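Here's the structure we're looking at; comments come further down.
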């Protein structure tokens, strides 16, 4: 059973309570989004996700997309759902009002994204890619392009894509071959083949705006010779109506492990007319503006799937009767107790819950920083926010998607044999979540980005935006009666992280393979320290609320138990990855390639 | 690419070198299986698996099984492959010569099973279930039943199943409802519905011998009222030819996440004629004879998938060109280096390799004990072997299947985007491996079996069969120049295991939920100590061989590097699970069910 109700109470806790003291100040320009509006938006989004997107999630997986006469057809119900999505203004939720969007803060927008990803990850990719394309277009496009395309994309009338990968190059974009020939009218003719293009073609919108990486004739080799082009599926006329097909279309769709209702296309461009975005040979820069947004978005995908997996597992654990509680019969009128009484089922549910709440807390923190980067009145706070976003982007992407995938599999395990059967819909979560660890840069690439770029950048300045609040918090609360034990655990993990950082800084300086060998373990350790910090803070707030005699006793008590579970059960093994990190590269690199 | 060549050299290392001093003595009755015969059998099995079973693995996944007019059809090529399998005598490899089998030791048979599971897990289930059914039949069946059925099953002419699960009861078999009415001729009429029956119907054999759990009219409630019956699909005549259909057949097949070429059936029995196996109401005992064998076999499935996942990932890591080595260009004539040069790819390959070699070593140890249990000339050694098998059966089942699934996902990750596409065949490993963590008792149930039954049994006697050799080895080699560092790591992990055992013994005595809350972490810790012990022993042997000036320098050097990787990178986080174990049940159990 795929079961979902947006965790609005926890979302509000993260938006309003957890990060009040994050040092980013009061943000400007979001005055319209007060608490009432925030609640109203979350509740409306929940309705859309629960009542419109969720019901077509499993049928969409079973039906999949298909290609007919060169046109991709989405599964039944997707067109109607997309129409409702656009009519509700969701396509432009985070887009500037200048382009007809709502201009909502990331702090709110990411919560809505989480809901969409929970309810229907495949569906979410269609507007998701459009959102990413708008980021690059807004930041690097000419005014003419922006004025023409942005409003159509913000309304959802037209969608967008990112066309990077080619059969022989994914991570290593320096090898890409697609070409762009300049024309006299200032446009370009783009020719080449792309693969793995999400939403590359579909029947949800009349037109699709492809952002395509290609080489100009005079391009230097490697990544320094890549430019970015806007290539529409249909060439629009000046009045916005559609003209000729632009020879930019799908040649096939991929048969994938999951995410089957999202069309992943092989694309062909043949003298397709396009326009340069940004400067020649600087396409990667523009693409990275989009990629960074997308990476946080992909992290949220992991969280979204983790949340619905958790809720669906809880539903079953309360419903399925099997065995009796070891501490005495709990359901005397039934033939057996619900399996939620069993410790090992609890272990799985609590693990998923802690992953989700921990990820949501870190995500809210990063989202605040995404907002503060532009909307904080203090230049120093903006700078700190920017550093923090840079540091945490790969962590959010890799950690959340790893945990989301793990949660999906825990849900399958809670369902037992029934989880392996397609009809219950739970194994779909595991198949869908799996891609998020791969696309927008594999999680290994994220870890390399963290240790290879984000750590050394400006002598570790990014890291200070994270280390400072954590060490301050530990210092301030070490002798706190209520959360002292958690602080001790956090301090130990933070110590392991500092030691690991020292190891990477010292060894990696001389030998970059040493840093790379530590990367994946280090990213996880850093991510768990970030979650631990958020859990300790949350527990502190919860204790204070309980002392005050809050009406929401259950919510805050549950928050404390989940935090305790995290410190008792989940943090210690990750902390010990410090030993793996400091063991160095030799056992990883000594094996000759031919011995494998 | 699904790539496979049986790891025969490592198998021989495990059969002949690693466990020589295991204290089980020289086993009797396997004189025919000298080294030449062993090598010949492994090589023949490799040919069958690589050349016959592997080529139909991916097509079988794509085509799946189907049900037509009440009969299940296996995918193209399965019938022909099964014929070859039987003609080669593989169906009876481990079956006593009394019934026409080969009588090979488990030490050899499990290696062949690993190969089958690597090459084609779905295929392997058909003869695998027959093997399990033969174990129960041989141990508990009447001479009449055995004489009639065993030869037909040992040759593979007829296959077998285990029919346990019903829609409302899987783990909790006490609730089962299928009924058996005694008849005047000593037979029974069995009526009821079963689900999740592997190989419940298919077109590989003329007849199928179902072992069915059902209740007699006078059965007491719960698990003490369950009996086991042999119910053939067709009622055989006295001469062995087939008579009437026995109303024992499939009503549907399940649509599963993976293992699609294995028919998982919903079965209906309607006044189907059957014969009692063992005593009335003692069916669970007979079923457990079969279950225990099957649990080790399922563990081997995890290892098998892990091995082909590893090999397929290595193939791609050497083939795929992307990026340049951080320590200098390795493939100057190509546009990029093969990705095996990158540390994070190494991390994934070495992890898979260590899991596989570690699992194979433990599996060989347990297989030796399975043989020694019956074939050791010394009663004490037989007793010790039996204790060891009892202890390790849940560990083999749960740990190997967890690691196999993890390896399959690491392989997908090595393939990146191409791993998510069905055509490369790698995501199939992940989908196929997933079931092994669930069936034959979920891995959570295995952990409960370990801490709830196997640990306390006879005041911890089972555990001594494992603790004794490990502590002896640590004592003997603590100051070994070559492996001293590994011994230090092993000692630390062993200490964590002892402390965890003490926690469970002490707390679990008063409160069984405390033991249950520790179970899954404890199983993993115990399993990793077992692998660590095997790796340290293997490294010791390898160092000695290298000192002697062996011809196989590469093999032994690789063994040492893999062992180092295990101790450096994989053992520390698992060791730290001791902290999770000793934190107790409270953070797991305190949350009220309604707060989830």
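Residue numbers (my numbering), protein chains in the order written: chain A, 1 to 596; chain B, 1001 to 1596.
All residues carry an ideal CB built from backbone N, CA and C; glycine is no exception.
In this text the structure is predicted, and so the values were computed from the model without any measurement.
Residue-chain proximity (residue i, chain B), Cβ-Cβ < 8 Å
| i | result |
| --- | --- |
| residue 314 of chain A | yes |
| residue 165 of chain A | yes |
| residue 205 of chain A | no |
| residue 531 of chain A | no |
| residue 340 of chain A | yes |
| residue 486 of chain A | no |
| residue 577 of chain A | yes |
| residue 266 of chain A | no |
CB contact flag (residue i, residue j, <8 Å)
| i | j | result |
| --- | --- | --- |
| residue 196 of chain A | residue 1417 of chain B | yes |
| residue 1309 of chain B | residue 1408 of chain B | yes |
| residue 254 of chain A | residue 1421 of chain B | yes |
| residue 347 of chain A | residue 1588 of chain B | yes |
| residue 1161 of chain B | residue 1210 of chain B | yes |
| residue 1471 of chain B | residue 1106 of chain B | no |
| residue 1500 of chain B | residue 1391 of chain B | no |
| residue 234 of chain A | residue 225 of chain A | no |
| residue 229 of chain A | residue 190 of chain A | yes |
| residue 543 of chain A | residue 560 of chain A | yes |
| residue 532 of chain A | residue 493 of chain A | yes |
| residue 1111 of chain B | residue 1134 of chain B | no |
| residue 1131 of chain B | residue 1086 of chain B | no |
is_contact[residue i, chain A] using C-beta, thresh 8 Å
| i | result |
| --- | --- |
| residue 1357 of chain B | no |
| residue 1083 of chain B | no |
| residue 1574 of chain B | yes |
| residue 1326 of chain B | yes |
| residue 1278 of chain B | no |
| residue 1583 of chain B | yes |
| residue 1543 of chain B | no |
| residue 1347 of chain B | yes |
| residue 1318 of chain B | yes |
| residue 1421 of chain B | yes |
| residue 1219 of chain B | no |
| residue 1444 of chain B | yes |
| residue 1602 of chain B | Residue 1602 of chain B is absent from the structure shown; chain B starts at 1001 and stops at 1596. |
For residue i: DSSP bridge partner residues
| i | result |
| --- | --- |
| residue 559 of chain A | Bridge partners of residue 559 of chain A: none, in fact. |
| residue 1213 of chain B | B:1228 |
| residue 376 of chain A | None; residue 376 of chain A has no bridge partner. |
| residue 1198 of chain B | B:1264 |
| residue 1075 of chain B | Looking at the DSSP assignment, residue 1075 of chain B forms no beta bridge with any residue, so it has no partner. |
| residue 1066 of chain B | B:1073 |
| residue 1421 of chain B | A:256 |
| residue 464 of chain A | The partner list for residue 464 of chain A (beta bridge, DSSP) is empty, contrary to what the question assumes. |
| residue 159 of chain A | A:208 |
| residue 191 of chain A | A:179 |
| residue 1277 of chain B | B:1228 |
Assumed close pair residue i, residue j - CB separation to whole angstroms, cut-off 8 Å
| i | j | result |
| --- | --- | --- |
| residue 1353 of chain B | residue 1336 of chain B | Their Cβ separation, rounded to whole angstroms, is 24 Å, which puts residue 1353 of chain B and residue 1336 of chain B out of contact at 8 Å. |
| residue 396 of chain A | residue 362 of chain A | 7 Å |
| residue 1287 of chain B | residue 1164 of chain B | 7 Å |
| residue 1250 of chain B | residue 1200 of chain B | 5 Å |
| residue 1403 of chain B | residue 1302 of chain B | 6 Å |
is_contact[residue i, chain E] using C-beta, thresh 8 Å
| i | result |
| --- | --- |
| residue 497 of chain A | Judged by its chain identifiers, the structure shown contains no chain E, and its protein chains are A and B. |
Next item on the list: Evaluate the contact criterion for the region 1099-1119 of chain B versus the region 1044-1053 of chain B: three or more CB pairs, one atom per stretch, below 8 Å.
Entry: Verdict: yes, contact present.
Margin query: Any contact between the region 509-519 of chain A and the region 1340-1359 of chain B? By contact I mean 3 or more CB pairs, one from each, below 8 Å.
Written below: In this structure the region 509-519 of chain A touches the region 1340-1359 of chain B; the number of beta carbon pairs closer than 8 Å is three or more.
Check: Are the region 1261-1270 of chain B and the region 1190-1208 of chain B touching by the rule of at least three beta carbon pairs closer than 8 Å?
Finding: Put simply, the region 1261-1270 of chain B touches the region 1190-1208 of chain B. At least three CB pairs are less than 8 Å apart.
Notebook entry, point to check: Quick check: the region 1276-1294 of chain B against the region 1442-1457 of chain B, are there 3 or more CB pairs under 8 Å?
Noted result: No, the region 1276-1294 of chain B does not touch the region 1442-1457 of chain B.
Notebook entry, point to check: Are the region 137-155 of chain A and the region 23-36 of chain A in contact at 8 Å, needing three or more beta carbon pairs?
Noted result: Because the criterion of three Cβ pairs below 8 Å is not met, the region 137-155 of chain A and the region 23-36 of chain A do not touch.
Notebook entry, point to check: Three or more C-beta pairs closer than 8 Å, one from the region 255-262 of chain A and one from the region 427-439 of chain A: is that the case here?
Noted result: The region 255-262 of chain A vs the region 427-439 of chain A: in contact.
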